[in-house]
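Engineer: My questions all concern the structure below.
Residue numbers (the UniProt record's numbering), protein chains in the order written: chain A, 1 to 609; chain B, 1 to 482.
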């Protein structure tokens with residue numbers, strides 16, 4: 001197993017605390033994610049460390065017996081200590097007020113701070129769960145639900161253990177995760193994790209089943225919306241992604257591990273502080289140790305070693321573990337830090353050695369553009385809502401967040417395509433096919449294709465003298481009209497004469513490029529055509545006479561010069577009542593030339609009424 | 001438009017006249033270098049139709065052509081005579097390869113009238129045939145030969161005069177029977193390609209399909225895609241595509257229309273295990289893939305003869321109205337296995353694509369409202385991409401190209417085209433034909449447009465306005481000077 005194979009790792013900078021031992025008790029508060037090291041019942045010190053605060057809080061308190069539980073309120077304002085099963089002490093004098101009460105027989109409870117939901121286990125089998133939701137100082141009762149327990153031998157009384165239940169938010173939805181152990185009586189091949197969806201409103205519903213295909217001791221984490229299941233016996237973990245397609249049986253979706261089981265990446269206990277001087281090499285950390293305690297969503301604590309880690313997913317190794325590129329993309333696009341990995345997958349699938357087939361490439365592009373389009377749509381409806389002035393009336397209106405999964409054309413161009421087309425060893429057919437596939441995909445999602453992509457296609461075609469192909473693409477408007485593209489085509493005329501016609505057509509369709517059309521025609525000495533064009537669109541009263549007369553003179557066609565000259569004399573007559581040119585038009589030279597060729601008497605006479 | 005066709009006829013005389021269309025009198029190919037000495041003249045002749053002609057006459061006719069070409073060369077060394085007009089016939093000369101001459105002799109159309117004493121009087125219509133039309137037909141004969149046989153020179157290199165003669169005999173013996181000289185017109189001059197109008201997205205899907213097929217059938221060198229006998233994509237260069245298109249649309253496809261209509265050759269092949277239902281079938285190559293002895297012989301074609309000189313197998317495969325031509329290097333002999341693989345990969349996808357195209361086309365047609373027949377008859381041709389569009393011609397059949405207008409009007413179109421050829425600049429010609437017809441020819445950049453208007457009492461200005469309107473509606477997305 002190469003090192004690049006591990007796809008789970010412990011964070012580099014764990015929270016370090018004093019190891020648990022007979023005089024030092026360690027507590028963890030899930031709400032604040034703080035570790036409390038209570039030495040000698042607090043008399044010799046309490047050290048509190050959170051994952052974010054690098055400055056631990058330390059204080060002393062009187063040893064009034066064994067501490068059962070110790071927690072801070074939010075923002076570390078109030079400390080609460082529990083020493084017996086029925087009393088909680090607040091070191092400062094505070095009064096508590098009873099806000100609401102419900103009478104229930106509770107076996108155990110579980111609280112999820114992220115969602116502010118508490119689950120109470122009721123009934124003899126402990127498997128009827130009553131959730132409450134805390135919100136703005138109120139507590140609301142949600143519909144209770146029952147966890148189906150696996151069939152157990154008659155001798156043992158089945159019951160739901162607190163250890164087999166976890167709560168976590170996955171893809172924005174709160175789930176109750178139930179670890180259903182393998183029962184010998186059923187035909188199941190192993191333990192399962194059953195996910196009950198707990199909506200804000202409405203009843204809880206069994207939605208997903210994660211097939212573990214093994215038995216033994218398990219622990220659950222949720223990292224980056226993935227359910228991680230650790231298996232102690234094999235010292236490996238597997239991950240599940242609820243958004244990847246599973247098998248739906250009409251009510252529940254069955255999922256299999258996304259990847260083969262792997263151990264968490266081996267971890268070396270860093271040597272820090274003065275200890276580094278004495279010991280030589282870092283000590284390998286025992287993974288999956290029986291002293292590990294796992295908390296939601298992503299916390300692993302080793303009380304015996306004095307560490308709190310956050311579990312992390314490494315995306316790079318997964319690229320090689322998931323051969324199905326479509327599934328790989330589905331997986332990666334849901335991950336937080338996915339952008340660079342996805343771009344590297346794209347580059348890889350276009351590389352000489354790992355070249356993917358066109359249908360696969362198409363699938364990958366489609367998945368990227370699907371995300372991209374979703375974001376563009378959200379942006380657009382946000383912009384429209386803002387414009388319509390709904391922002392003030394609706395506080396729910398939020399600017400859409402651009403996640404790393406949004407890879408736009410510039411990302412793909414910069415990181416993937418521009419390098420790809422430069423590769424000399426690539427057959428040009430493949431290069432063009434890939435570019436067209438990307439353009440096809442963008443079009444399919446109705447995303448306007450950026451000019452630089454079209455330019456890339458043209459550049460590649462021109463490099464390989466595939467002008468007829470280019471012509472056909474333009475004929476079917478695959479390369480969208482734009483002024484830069486029209487100019488690019490003009491520049492190709494000397495290699496491929498029809499490019500001139502293609503360019504003019506494009507300028508015409510743009511309908512904002514009439515000046516350019518005139519310039520192109522004049523540069524080709526098609527003076528009359530230019531004049532007819534500008535007259536056709538009604539712009540002939542505003543054009544510069546000098547420009548046209550210059551061009552006509554250059555043709556050395558005297559009759560053409562005459563015609564153009566006469567046209568402007570008539571225009572002068574019509575606009576100003578006199579055929580003469582004004583000094584501002586700077587046509588003296590042309591008037592002199594006209595006289596020289598055709599004589600003074602050929603000049604138009606002013607018509608007087 | 002029955003009225004239009006009748007309106008231009010010459011009326012009362014029709015019943016007493018018998019008309020004979022132009023016909024092929026002879027067709028021969030010679031090389032003056034092959035028999036320069038007296039007594040060896042016969043060696044010059046590489047092909048002669050009709051073969052029954054007596055040897056000395058053949059030699060005489062060839063000699064005459066040689067003499068005319070030599071004689072006219074003294075006046076115009078670079079452009080010797082292209083045709084010779086006589087009362088009874090016209091001769092067309094073409095030198096497609098150095099010293100190889102092709103000559104086609106066409107009899108002028110004849111009108112046979114009854115004289116008062118009941119004797120038939122034969123009148124040759126000397127001015128009816130258009131030089132450009134028949135010169136183009138002659139050039140096309142060479143192009144078609146070259147497509148399937150390569151150049152004359154290549155045959156000489158491969159097997160000397162003997163081989164060249166064999167190839168010429170084999171090819172032209174059949175090909176000349178398919179020349180329908182009576183229905184040649186402006187479109188033969190253009191030798192254009194009709195493109196299938198399509199939206200961008202469907203076009204991109206087709207691109208994607210072609211690229212995938214070329215990838216999975218990795219020996220494919222070029223692909224062409226057609227729908228409804230109209231071109232959508234050509235991987236071949238323009239000139240090669242032009243003649244291949246001509247072959248497909250006037251020869252191969254029409255031959256397969258009838259079985260298609262009868263539904264015989266388009267089975268839904270569900271009987272083969274693992275084979276998705278599809279309508280794909282080979283138009284060239286094996287007829288029945290289930291027959292283990294099926295022959296996988298495909299026609300060979302020659303392309304890029306000016307530089308790389310490539311010899312290819314032409315595989316034409318069709319599903320519903322969509323046809324794909326896969327061209328593979330002749331060094332790869334396609335096996336039955338390959339054909340089966342092609343059928344199983346291409347068949348289902350092409351079937352889906354064909355119905356997509358059909359559906360999209362109908363949607364676009366409804367949206368643009370172009371279902372309405374345009375009120376004008378026109379022919380459009382663009383020299384740059386060879387795009388051709390005609391509302392004058394009905395559907396092409398192998399035997400005749402039917403036009404919906406009177407031949408006299410077609411001749412006016414040809415005359416205008418000849419005028420256009422003489423000058424480089426853009427121009428416009430408006431002709432008032434007999435009866436109520438106006439014929440307008442426009443040339444802008446490298447495009448030509450011919451419009452036939454049937455408007456009683458219209459004047460020049462009104463006709464000009466009508467054509468402007470037509471350009472604005474039918475050709476609004478191209479730069480067309482008015």
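Just so it is clear, CB atoms sit at the ideal spot from N, CA and C, and this is done for glycine as well.
Let me know if residue 70 of chain B comes out buried or exposed under the rule of 16 or more other beta-carbons within 10 Å of its beta-carbon.
Structural biologist: Taking the first residue of the second chain as 1, we reach residue 70 of chain B at position 70. Exposed, since its Cβ has fewer than 16 Cβ neighbours within 10 Å.
Engineer: Please decide whether residue 355 of chain A counts as near chain B, where near means a Cβ-Cβ distance under 8 Å.
Structural biologist: Reading the first chain from its first residue, position 355 is the one you call residue 355 of chain A. Taking Cβ atoms only, chain B never reaches closer than 8 Å to residue 355 of chain A, which makes this a no.
Engineer: Output yes if chain A places a C-beta closer than 8 Å to the C-beta of residue 203 of chain B; else output no.
Structural biologist: Translated into the one-based positions of the second chain, residue 203 of chain B becomes position 203. By this cut-off, residue 203 of chain B is an interface position.
Engineer: Mind checking if residue 505 of chain A is an interface residue toward chain B, Cβ cutoff 8 Å exclusive?
Structural biologist: Position 505 of the first chain, counting from 1, holds the residue named residue 505 of chain A. Answer yes: the Cβ-Cβ gap between residue 505 of chain A and chain B drops below 8 Å somewhere.
Engineer: Using a Cβ distance threshold of 8 Å, determine whether the stretch 202 to 212 of chain B contacts the stretch 432 to 452 of chain B, with at least three qualifying pairs required.
Structural biologist: Counting Cβ pairs under 8 Å, fewer than three are found: no touch.
Engineer: Taking DSSP as the reference, what is the three-state secondary structure of residue 348 of chain B?
Structural biologist: For the purposes of this step, residue 348 of chain B is identified with residue 348 of the second chain, where counting begins at 1. It is helical.
Engineer: Can you check DSSP and say which residues form a bridge with residue 91 of chain B?
Structural biologist: Counted from its first residue, the second chain places residue 91 of chain B at position 91. In the DSSP output, where bridge partners are listed per residue, residue 91 of chain B has B:84, B:105.
Engineer: Please state whether DSSP places residue 1 of chain A in a helix, a strand or coil.
Structural biologist: Here residue 1 of chain A refers to the residue found at position 1 when the first chain is read from its first residue. With a pLDDT of 47 at residue 1 of chain A, under the threshold of 50, the predicted position of this residue should be treated as unreliable, though the coordinate-derived value follows. In the structure shown, residue 1 of chain A sits in coil (DSSP, three-state: anything other than H, G, I, E or B).
Engineer: Measure the alpha-carbon distance for residue 106 of chain B versus residue 65 of chain B and round it to whole angstroms.
Structural biologist: For this step, residue 106 of chain B is matched to residue 106 along the second chain. For this step, residue 65 of chain B is matched to residue 65 along the second chain. The straight-line gap from Cα to Cα measures roughly 14 Å.
Engineer: So residue 356 of chain B contacts chain A; which residues on that side make the cut at Cβ distance below 7 Å?
Structural biologist: Counted from its first residue, the second chain places residue 356 of chain B at position 356. Those do not exist, as residue 356 of chain B stays about 12 Å from chain A at its closest Cβ, beyond 7 Å.
Engineer: Give the residues of chain A in contact with residue 188 of chain B, contact being defined as C-beta atoms less than 7 Å apart.
Structural biologist: On the second chain, position 188 is the one that residue 188 of chain B refers to. In chain order: nothing, as chain A lies at least about 22 Å away.
Engineer: Can you give me, in chain order, the residues of the stretch 457 to 471 of chain A that have a beta carbon less than 7 Å from any beta carbon in chain B?
Structural biologist: Within the stretch 457 to 471 of chain A, the qualifying residues are 468, 471.
Engineer: Go through its chain and collect everything with a Cβ distance to residue 226 of chain B's Cβ below 6 Å, but skip five positions before and after it.
Structural biologist: Working through the second chain from its first residue, we reach residue 226 of chain B at position 226. So the list reads 323, once near-sequence residues are dropped.
Engineer: Give the list of continuous beta strand (DSSP E) stretches no shorter than 3 residues that lie fully inside the stretch 170 to 219 of chain A.
Structural biologist: Counting whole runs of 3 or more residues, the stretch 170 to 219 of chain A contains the beta strand (DSSP E) stretches 173 to 180, 192 to 197, 205 to 211.
Engineer: Name the two residues that bound the continuous beta strand (DSSP E) containing residue 172 of chain B.
Structural biologist: As a working note, residue 172 of chain B is residue 172 in the second chain. Careful: residue 172 of chain B lies outside any beta strand (DSSP E), inside the alpha helix (DSSP H) at 152 to 175.
Engineer: Quick one, which of B:146, B:239, B:150, B:232 has its alpha-carbon nearest residue 191 of chain B's?
Structural biologist: The residue you call residue 191 of chain B lines up with position 191 of the second chain. It is B:239 whose Cα lies nearest to the Cα of residue 191 of chain B.
Engineer: Quick one, which residues of the stretch 411 to 425 of chain A are near chain B if we go by CB-CB under 7 Å, in chain order?
Structural biologist: Correct list: empty, as no residue qualifies.
Engineer: Would residue 330 of chain B and residue 347 of chain B be called neighbours here (beta carbons separated by less than 8 Å)?
Structural biologist: The residue given as residue 330 of chain B occupies position 330 in the second chain. The residue given as residue 347 of chain B occupies position 347 in the second chain. No; because the gap between Cβ atoms is not below 8 Å, this pair is not in contact.
Engineer: Give the secondary structure of residue 545 of chain A by DSSP, where H, G and I count as helix, E and B as strand, and everything else as coil.
Structural biologist: By 1-based counting over the first chain, the position of residue 545 of chain A is 545. Of the three classes helix, strand and coil, the one that applies to residue 545 of chain A here is helix, per DSSP.
Engineer: Please determine if the stretch 72 to 83 of chain A and the stretch 137 to 150 of chain A are in contact, where contact requires at least 3 C-beta pairs separated by less than 8 Å.
Structural biologist: No: the two stretches stay apart, fewer than three of their Cβ pairs being nearer than 8 Å.
Engineer: Who are residue 22 of chain B's beta bridge partners in DSSP?
Structural biologist: The residue labelled residue 22 of chain B in the question sits at position 22 within the second chain. Paired residue(s): none; residue 22 of chain B is not in a bridge.
Engineer: Spell out whether any CB of chain A is found under 8 Å from the CB atom of residue 478 of chain B.
Structural biologist: As a first step, residue 478 of chain B is located in the second chain; it is residue number 478 there, counting from the start. True, the Cβ-Cβ gap to chain A drops below 8 Å.
Engineer: Taking a Cβ distance cut-off of 9 Å, strictly less, list which residues of the stretch 125 to 141 of chain A are near chain B, in chain order.
Structural biologist: The stretch 125 to 141 of chain A vs chain B, Cβ under 9 Å: nothing.
Engineer: Should residue 475 of chain A be counted as a contact of the ligand ATP given a C-beta to heavy atom distance under 7 Å?
Structural biologist: The model depicted lacks the ligand ATP and carries no ligand whatsoever.
Engineer: Are there 16 or more other CB atoms within 10 angstroms of the CB of residue 456 of chain A, so buried, or fewer, so exposed?
Structural biologist: Residue mapping note: residue 456 of chain A aligns to position 456 of the first chain, counting from 1. Burial call: buried.
Engineer: So with Cβ pairs under 8 Å, would you call residue 476 of chain A a contact of chain B?
Structural biologist: On the first chain, residue 476 of chain A is found 476 positions in, with the first residue counted as 1. Chain B contact via Cβ: present.
Engineer: Can you tell which of A:569, A:142, A:105 has its C-alpha closest to the C-alpha of residue 587 of chain A?
Structural biologist: Here residue 587 of chain A corresponds to residue number 587 of the first chain, with the count starting at 1. It is A:569.
Engineer: What residue ranges within the UniProt domain "CCZ1/INTU second Longin" (220 to 346) of chain B form continuous alpha helix (DSSP H) runs of no fewer than 4 residues, ordered along the chain?
Structural biologist: Segments of the alpha helix (DSSP H) lying fully in the UniProt domain "CCZ1/INTU second Longin" (220 to 346) of chain B: 238 to 247, 253 to 262.
Engineer: Say whether the stretch 26 to 33 of chain B touches the stretch 47 to 60 of chain B, bearing in mind that this needs 3 or more beta-carbon pairs closer than 8 Å, one atom from each stretch.
Structural biologist: Yes: the two stretches touch, three or more of their Cβ pairs being nearer than 8 Å.
Engineer: Interface residues of chain A around residue 384 of chain B at Cβ under 7 Å?
Structural biologist: As a first step, residue 384 of chain B must be located in the second chain, where it is residue number 384. Residues of chain A passing the Cβ test: 498, 501.
Engineer: Output the boundary residues of the beta strand (DSSP E) element that contains residue 585 of chain A.
Structural biologist: Locating residue 585 of chain A in the first chain gives position 585, counting from the first residue. Careful: residue 585 of chain A lies outside any beta strand (DSSP E) and carries neither H nor E.
Engineer: State yes or no: is the beta carbon of residue 73 of chain B nearer than 8 Å to at least one beta carbon in chain A?
Structural biologist: To locate residue 73 of chain B, count along the second chain from 1; it is residue 73. Residue 73 of chain B does not count as touching chain A.
Engineer: Let me check understanding here. Comparing Cα to Cα, which of A:133, A:128, A:108 lies closest to residue 100 of chain A?
Structural biologist: Residue numbering aside, residue 100 of chain A sits at position 100 when the first chain is read from its first letter. The residue with the shortest Cα to Cα distance from residue 100 of chain A is A:133.
Engineer: Can you look up residue 69 of chain A in the DSSP assignment and give me helix, strand or coil?
Structural biologist: Looking up residue 69 of chain A in the first chain gives position 69. Here residue 69 of chain A sits in strand by DSSP.
Engineer: By Cβ distance below 8 Å, which residues in the same chain neighbour residue 231 of chain B in space, the five residues on each side in sequence not counted?
Structural biologist: Counting from one through the second chain, the residue named residue 231 of chain B turns up at place 231. Only 193, 194, 195, 196, 224, 225, 241, 245 meet the Cβ criterion.
Engineer: According to a CB-to-CB cut-off of less than 8 Å, which residues of the stretch 434 to 457 of chain A neighbour chain E?
Structural biologist: The structure shown contains no chain E; the protein chains it does contain are A and B.
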